[in-house]
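Following: one structure in structure tokens, then a few remarks.
2 protein chains.
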Amino acid sequence: MVTLAEVAQHAGVSASTVSYVLSGKRSISTTTRQRVEESIRELGYHPNAGARALASSRSNIIALMIPLRTDMYVPVMMEIAIAVATTARTHGYDVLLLTGEEGPDAVRRVTGSGLADAMILMDVELDDERLPFLRGTDQPSVLIGLPADTSGLTCVDLDFRATGALCVEHLAKLGHRDIAVIGEAPAVYERHTGFAERTLDGLRSRAQELGVRLLHRPCDGGYDAMAVTLARVLDERPSTTGFVVQNEQAVEPLLALLRQQGRAIPEDVSVVAICPEQVAVQASVRLTSVAIPAQEMGRHALERLVAKLEGSGEDEVVLIEPELTVRASTGPAPSAP
Amino acid sequence: MVTLAEVAQHAGVSASTVSYVLSGKRSISTTTRQRVEESIRELGYHPNAGARALASSRSNIIALMIPLRTDMYVPVMMEIAIAVATTARTHGYDVLLLTGEEGPDAVRRVTGSGLADAMILMDVELDDERLPFLRGTDQPSVLIGLPADTSGLTCVDLDFRATGALCVEHLAKLGHRDIAVIGEAPAVYERHTGFAERTLDGLRSRAQELGVRLLHRPCDGGYDAMAVTLARVLDERPSTTGFVVQNEQAVEPLLALLRQQGRAIPEDVSVVAICPEQVAVQASVRLTSVAIPAQEMGRHALERLVAKLEGSGEDEVVLIEPELTVRASTGPAPSAP
DNA sequence: ATAGGTTGTCGAAGCGCTTCGACAGGGACT
DNA sequence: AGTCCCTGTCGAAGCGCTTCGACAACCTAT
């Protein structure tokens, strides 16, 4: 293992000089800098992370807490995680992966040990039990998702209220007066995950404003669950011509079942999905959808966090503006016979 | 920040004693131990990770390098990552998330800086450029996936050769004589990812042994790609009655397209999938499948790695035995008319 | 020419922990 | 009673780095 001291000796300067070359915290003459850099390259020197963390009390590590639930759509989580990790690298940080399993203890452990300089939390519940620990420390943090009380917190999320509104608007404009909402798995609502409720909120209030009837049903992923849910919906509201789906695992089943019932998309029924782009374009019908900008969320979260670490970040709730892309799954409501 | 010294003072012992209580590396009398533990609790002490790493030259961190490609099935990656992370915690390790982006440099950086004690690599190519760096360091590592040359490496993977064989056997036993293999995206083969080729190997050699005709076609995910591929396959080999799919994104499209052509599953055609359990049971037909045991792979990899860190692990290739579960998508080949 | 300000470099202290060798005290033996 | 060996504890060194204050050397403005 090559050490700073060895580099210093090789370059004929003191250790502190090498350190300043590395950190740029003091000015160094060009000649010295070059000599040092040359030595570093020649010896293949890599600063020791532990020593650095100890001396500077910064680890240059950011903790990312991801859920280990399986009822959420996994690729979105993954995409966020990867966006966080790659963006972190561009700022000189590495990412430590924590699973939700440990819960609040993980927060304490990581902040207490100085393992990470800051943390990003995903899958935030409305009344998340990790929040007190976050508020109780001066370690910067960013949530992906919105809790009920955001005071003193920085949060990044898609504006799901607006997303809901957007979906209803689109369908209403096409003349649909009876809309069914196929939601996330019941467990997601039970645990009071903010985004699901906020979407619903947006859907409902816009529907009311526009005089559209709304029927919301949570639904597990897969064909069987979707079949049951769809049957109930059509039984209760046979006049339904518009669907909003917010559950990636239910999208394809819904399309298949509608087709199976002889309802053509978009001639007889229209479907709007709230899902990642990839799902929308790879589905059996190219779906009109509001995209979940996973990458953008990850990147945003990380950048806010870095801003806070550098002292310039204020607490703030960043809501990403939703965008609805019209594709082949929506069309004018069939006129009454 | 509470330090070791403060705990020691509070408990009326020396710092080293506290350290030994924590590490258990020397015997401590019960009374002292209790007094120290009490102080630790009372003061809310957490050992400083940096100091620990510096003094002991062990960071208790394991690096996990995940691919950031999108042509692989993401949930599997995620599941492996989570299994690694949770298993790591039970052994006292944390996990650092590296994305494939940095490539070999990341290996150098992490081993050089002592940031991590060991690493796990996913998405290994047959002639992976990270391998020289792995072989060139004495830091333990485990690969998930198999490169061409496994000498001096520890690898964990599903036995994809056996998996391929198993699929053919099952279909052959049911009387199918013409089998089409819908494979991963072309890019996966082009990059020489081991598992895809090994599966093909297993499929082919078993097919030959059993006198079954095999037609292999790579295929991108989604409906459009699948439609093109399927049309070609049926054109070239109209007598095809059995399908093996190794591409999660192509499974549902395949099923839908077959149905659309009026081919009933499993009466007219049989389909065997190589995919995670969840995909198999959530599909529109419950699929006969060979499961990809993501969790098991992650857990295995981590446990081998910990064994190596503790000095007892030998280099070794661990191939997980595939299991074929019969569900509703396979049945006897239709007898010739 | 001198005071004052820059700029570039160095030495030393110290971050919080682990670990080694030393050693006091108490059995269990001769 | 003396020796030996445990067991439990302590002190000190040191891990590799950052950072602070000091200071020499030079430059500029009087």
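These protein sequences, in sequence, are chains A and B.
Each residue of the first sequence is one higher than the one before, counting from 1 in the UniProt record's numbering.
Each residue of the second sequence is one higher than the one before, counting from 1 in the UniProt record's numbering.
Backbone N, C-alpha and C define an ideal beta-carbon position, used for all residues, glycine too.
8 Å contact criterion, which residue i and residue j should meet: CB distance rounded
i	j	result
Arg-263 of chain B	Arg-327 of chain B	The pair is not a contact, with the Cβ atoms about 18 Å apart (cut-off 8 Å).
Thr-325 of chain A	Ala-291 of chain A	7 Å
Gly-50 of chain A	Gly-50 of chain B	5 Å
Gly-222 of chain B	Pro-186 of chain B	The Cβ separation is near 13 Å, so there is no contact.
Contact check, residue i vs residue j, beta carbons under 8 Å
i	j	result
Gly-103 of chain B	Ser-57 of chain B	no
Thr-154 of chain B	Asp-315 of chain B	yes
Gln-282 of chain A	Gln-249 of chain B	yes
Ala-83 of chain B	Arg-304 of chain B	no
residue 374 of chain A	Thr-330 of chain A	Past the boundaries of the shown model lies residue 374 of chain A; chain A is included only from 1 to 337, so the question cannot be answered.
Pro-75 of chain A	Val-74 of chain B	yes
Val-306 of chain B	Val-156 of chain B	no
Ala-162 of chain B	Pro-322 of chain B	yes
Val-181 of chain B	Leu-131 of chain B	no
Phe-133 of chain B	Val-168 of chain B	no
Leu-309 of chain B	Ala-118 of chain B	yes
Leu-158 of chain A	Met-297 of chain A	yes
Ala-256 of chain A	Ser-284 of chain B	yes
Gly-202 of chain A	Gly-164 of chain A	yes
Glu-184 of chain B	Pro-218 of chain B	yes
CA-to-CA distance, residue j to residue i, given in whole angstroms
i	j	result
Arg-69 of chain A	Leu-97 of chain B	19 Å
Pro-276 of chain A	Arg-109 of chain A	34 Å
Thr-229 of chain A	Ala-280 of chain A	21 Å
Arg-191 of chain A	Gly-92 of chain B	29 Å
Gly-232 of chain B	Thr-241 of chain A	The identity of residue 232 of chain B in the sequence shown is Arg, whereas the question assumes Gly. Going from the Cα of Arg-232 of chain B to the Cα of Thr-241 of chain A covers about 37 Å.
Ser-23 of chain B	Asp-94 of chain A	27 Å
Phe-243 of chain B	Asp-235 of chain B	15 Å
Asp-224 of chain B	Met-65 of chain A	37 Å
Ser-27 of chain A	Pro-67 of chain A	45 Å
Phe-160 of chain B	Tyr-189 of chain B	14 Å
Asp-123 of chain B	Ser-14 of chain B	49 Å
Gly-313 of chain A	Phe-195 of chain A	24 Å
His-216 of chain A	Thr-199 of chain A	11 Å
Gly-100 of chain B	Arg-33 of chain B	45 Å
Ile-120 of chain B	Ile-320 of chain B	17 Å
Val-251 of chain B	Ala-273 of chain B	7 Å
Met-77 of chain B	Glu-79 of chain A	11 Å
Asp-149 of chain A	Ser-141 of chain A	15 Å
Asp-128 of chain B	Pro-147 of chain B	7 Å
Ser-205 of chain B	Lys-173 of chain B	16 Å
Ala-333 of chain B	Ala-227 of chain A	29 Å
Ser-19 of chain A	Thr-137 of chain B	26 Å
Glu-38 of chain B	Thr-31 of chain B	11 Å
Asp-220 of chain B	Gln-261 of chain B	20 Å
Glu-125 of chain B	Gly-145 of chain B	8 Å
Ile-62 of chain B	Ala-81 of chain A	17 Å
His-170 of chain B	Leu-302 of chain B	33 Å
Arg-135 of chain B	Asp-105 of chain B	14 Å
Arg-259 of chain A	Asp-268 of chain A	10 Å
Glu-197 of chain A	Gln-208 of chain A	16 Å
Ser-335 of chain A	Gln-278 of chain A	32 Å
Val-21 of chain A	Arg-35 of chain A	10 Å
residue 354 of chain A	Leu-166 of chain A	Beyond the ends of chain A as shown, which are 1 and 337, falls residue 354 of chain A; an answer cannot be given.
Gln-139 of chain A	Ala-116 of chain A	9 Å
Inspect the CB distances between the stretch 1 to 10 of chain B and the stretch 175 to 182 of chain A and report whether three or more fall short of 8 Å. Touching, no, given that fewer than three Cβ pairs across the two stretches are closer than 8 Å.
Just to confirm the assignment: which complete beta strand (DSSP E) runs, minimum length 3, are found wholly within the stretch 57 to 96 of chain B? 61 to 66
Which full runs of the beta strand (DSSP E) of 3+ residues lie inside the stretch 254 to 323 of chain A, going along the chain? 270 to 275, 288 to 291 and 317 to 320
Is it the case that the stretch 10 to 18 of chain A contacts the stretch 38 to 45 of chain A, given that we only count it when at least three CB pairs across the two stretches are under 8 Å? yes
I'd like the ranges of any beta strand (DSSP E) spanning at least 3 consecutive residues and lying wholly in the stretch 120 to 182 of chain B. 141 to 144, 155 to 158 and 178 to 182
Could you give the uninterrupted runs of the alpha helix (DSSP H) lying entirely in the stretch 10 to 41 of chain B, keeping only those of 4 residues or more? 15 to 23
Minimum length 4: unbroken alpha helix (DSSP H) runs contained in the stretch 203 to 263 of chain A: 223 to 236 and 248 to 260
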